[in-house]
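*Asks:* For the sequence shown, position 207 (counting from the first letter as 1) is numbered 197 according to my numbering, and the numbering increases by one without interruption.
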Amino acid sequence: MKTAEQPDHTTTDHRTIMVRDLLTDYAGWLLGCGATCIRLEKNLKRIAAAYGQDVELTISPHHVHIYIVDRNDRTVFTSIATAKGATSFDTITRLSTLSWRIADTGIDIRRARRMFDIIVNDRPRHTWVVPPLVALANASFCRLFGGDIQAMAVVFMATLAGYNLKMWLTSMRADLRLTFLLCSFASAVIGASSYLFNLGDTPQIAIGTSILYLVPGVPFLNSFSDMLHRFYICSFGRLMDATVLTACLSIGLCAGMIVMGVGMF
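Okay, here's the thing in structure tokens:
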């Protein structure tokens, strides 16, 4: 039986473990969803401070090394978070809102954990509407670059087919580089139909814009942001990932044009 002079560390230790697990999982999901390093660092430190912890981070493109120090007994805990999920600005926003709610209201760690699980396990609704919207956006880019109505229609179909292929390959856990190459090839082949069937007066714009939906804009922007905030290792890694993906979509585009007999110059 415990006396009044004997502190009960069981609850405290369990709470500390829950805080550390939350920080590790939070870092992995925020990184995987496409957050910048500065957002990752600020959010984790905000949550850790609310629960009496200090954190130091070493961030790479696919992992986060987390050093957690308890402010009371100065014990040190080290964990490695692996990037999870896919790029999602909605998830990033909701996770950031959670960090502010923890910091501002000091909600219990168990409740914070339940809220976190709800966010990361919430599956997107109405996914069927995403491919047509992406195709419509890409067709709008075609128009922006001077494409006519026929070119816009071709780009719409090329993007719709390529994006659906991308979703299927992603669900099959295919290599991302192979996915980009195959999707750009498929879109380029469909885009080249404007040449073969003499559809409109701007077939070259149709081919050029048919693969724009694959341009890895998020990694490029994150790389630039990380560089500005002096996360040079992660910045370089993300830049190389984006460069490789750009090379893959370029290879797919050129291969599609060659197969369809469309001159590149």
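For glycine and all other residues, C-beta sits at the position ideal for the given N, C-alpha and C. All figures in this text were calculated on a predicted structure; none of them were measured in a lab.
Determine the extent of the alpha helix (DSSP H) in which tyrosine 222 is found, giving its start and end residues.
*Replies:* 222 to 249 is the extent of the alpha helix (DSSP H) around tyrosine 222.
*Asks:* Mark valine 252 as exposed unless 16 or more other C-beta atoms lie within 10 angstroms of its C-beta, in which case mark it buried.
*Replies:* Answer is buried; the Cβ neighbour count reaches 16.
*Asks:* Quick check on DSSP: helix, strand or coil for histidine 219?
*Replies:* Looking at histidine 219 - three-state DSSP - the assignment turns out to be coil, as it is neither helix nor strand.
*Asks:* Report the residue ranges of all alpha helix (DSSP H) runs contained in full by the region 86 to 157; include only those spanning at least 4 residues, in chain order.
*Replies:* The region 86 to 157 contains these whole alpha helix (DSSP H) runs: 99 to 111 and 120 to 134.
*Asks:* Under the criterion of a Cβ to heavy atom distance below 6 angstroms, does threonine 160 qualify as lining the ligand HEM?
*Replies:* Of the ligands one can find in the structure shown there are none, so the ligand HEM has no counterpart to examine.
*Asks:* Between the region 209 to 228 and the region 132 to 145, do at least 3 Cβ pairs fall closer than 8 angstroms?
*Replies:* Taking 8 angstroms as the limit for Cβ pairs, the verdict is that the region 132 to 145 does not touch the region 209 to 228.
*Asks:* Does DSSP classify serine 69 as helix, strand or coil?
*Replies:* Looking at serine 69 - three-state DSSP - the assignment turns out to be strand.
*Asks:* What would DSSP say about isoleucine 195, mapped onto helix, strand or coil?
*Replies:* It is helical.
*Asks:* Using DSSP with H/G/I as helix, E/B as strand and the rest coil, what is histidine 4?
*Replies:* DSSP places histidine 4 in helix when its eight states are reduced to three.
*Asks:* Between leucine 30 and serine 89, what straight-line distance do the alpha-carbon atoms span, to the nearest angstrom?
*Replies:* Their backbone Cα atoms lie some 11 angstroms apart in a straight line.
*Asks:* For glycine 18, is the classification buried or exposed, using 16 other Cβ atoms within 10 angstroms of its Cβ as the cut-off for buried?
*Replies:* Classification of glycine 18: buried, given that the 10 Å Cβ count is 16 or more.
*Asks:* Confirm, please, whether the CB-CB distance from leucine 239 to leucine 260 is below 7 angstroms.
*Replies:* With the chain running from -9 to 255 in the structure shown, residue 260 is simply not present.
*Asks:* Taking the C-alpha atoms as reference points, what is the distance between threonine 160 and asparagine 33?
*Replies:* The alpha-carbon atoms of threonine 160 and asparagine 33 are separated by roughly 29 angstroms.
*Asks:* For valine 66 and arginine 36, I'd like the C-alpha separation in whole angstroms.
*Replies:* Cα-Cα distance, rounded: 18 angstroms.
*Asks:* According to the neighbour-count rule (16 or more other Cβ atoms, all chains shown, within 10 Å of its Cβ), is tyrosine 41 buried or exposed?
*Replies:* Tyrosine 41 comes out buried.
*Asks:* Could you please give the first and the last residue of the uninterrupted alpha helix (DSSP H) stretch that includes threonine 48?
*Replies:* Element bounds for threonine 48: not the alpha helix (DSSP H) but the beta strand (DSSP E), 43 to 49.
*Asks:* What residues are listed by DSSP as bridge partners for histidine 53?
*Replies:* Per DSSP, Thr72.
*Asks:* Compute the Euclidean distance between the alpha carbons of leucine 166 and glycine 198, then round it to the nearest angstrom.
*Replies:* The alpha-carbon atoms of leucine 166 and glycine 198 are separated by roughly 21 angstroms.
*Asks:* Can you list, in chain order, the residues of its chain with a C-beta nearer than 7 angstroms to that of isoleucine 241? Leave out the 5 residues immediately preceding and following it.
*Replies:* Excluding sequence neighbours, isoleucine 241 sits near Leu171.
*Asks:* Taking a contact to mean a Cβ-Cβ separation below 7 angstroms, would you say arginine 103 touches leucine 12 in this structure?
*Replies:* Result yes, Cβ atoms of arginine 103 and leucine 12 sit closer than 7 angstroms.
*Asks:* Quick check: isoleucine 108 and cysteine 23, are their CB atoms within less than 7 angstroms of each other?
*Replies:* Cβ distance not < 7 angstroms, so isoleucine 108 and cysteine 23 don't count as in contact.
*Asks:* Report the three-state DSSP secondary structure of arginine 10 (helix, strand or coil).
*Replies:* Three-state result, arginine 10: helix.
*Asks:* Excluding sequence positions up to five away, which residues of its chain have a Cβ less than 6 angstroms from the Cβ of histidine 52?
*Replies:* Cβ neighbours of histidine 52 beyond the five flanking positions: Ala73.
*Asks:* Within a Cβ cutoff of 7 angstroms, which residues of the same chain sit near asparagine 154, ignoring the five residues on either side of it in sequence?
*Replies:* Excluding positions up to five away in sequence, the list reads Pro121.
*Asks:* Measure the C-alpha to C-alpha separation of isoleucine 195 and isoleucine 180 and round it to an integer number of angstroms.
*Replies:* Distance between the alpha carbons of isoleucine 195 and isoleucine 180 is about 13 angstroms.
*Asks:* Please classify isoleucine 201: does DSSP put it in a helix, a strand, or coil?
*Replies:* Isoleucine 201 falls in the coil class under three-state DSSP.
*Asks:* Going by DSSP in three states, isoleucine 179 sits in which element: helix, strand or coil?
*Replies:* Correcting the residue type first, residue 179 is valine in the shown sequence and not isoleucine. Helix, per DSSP.
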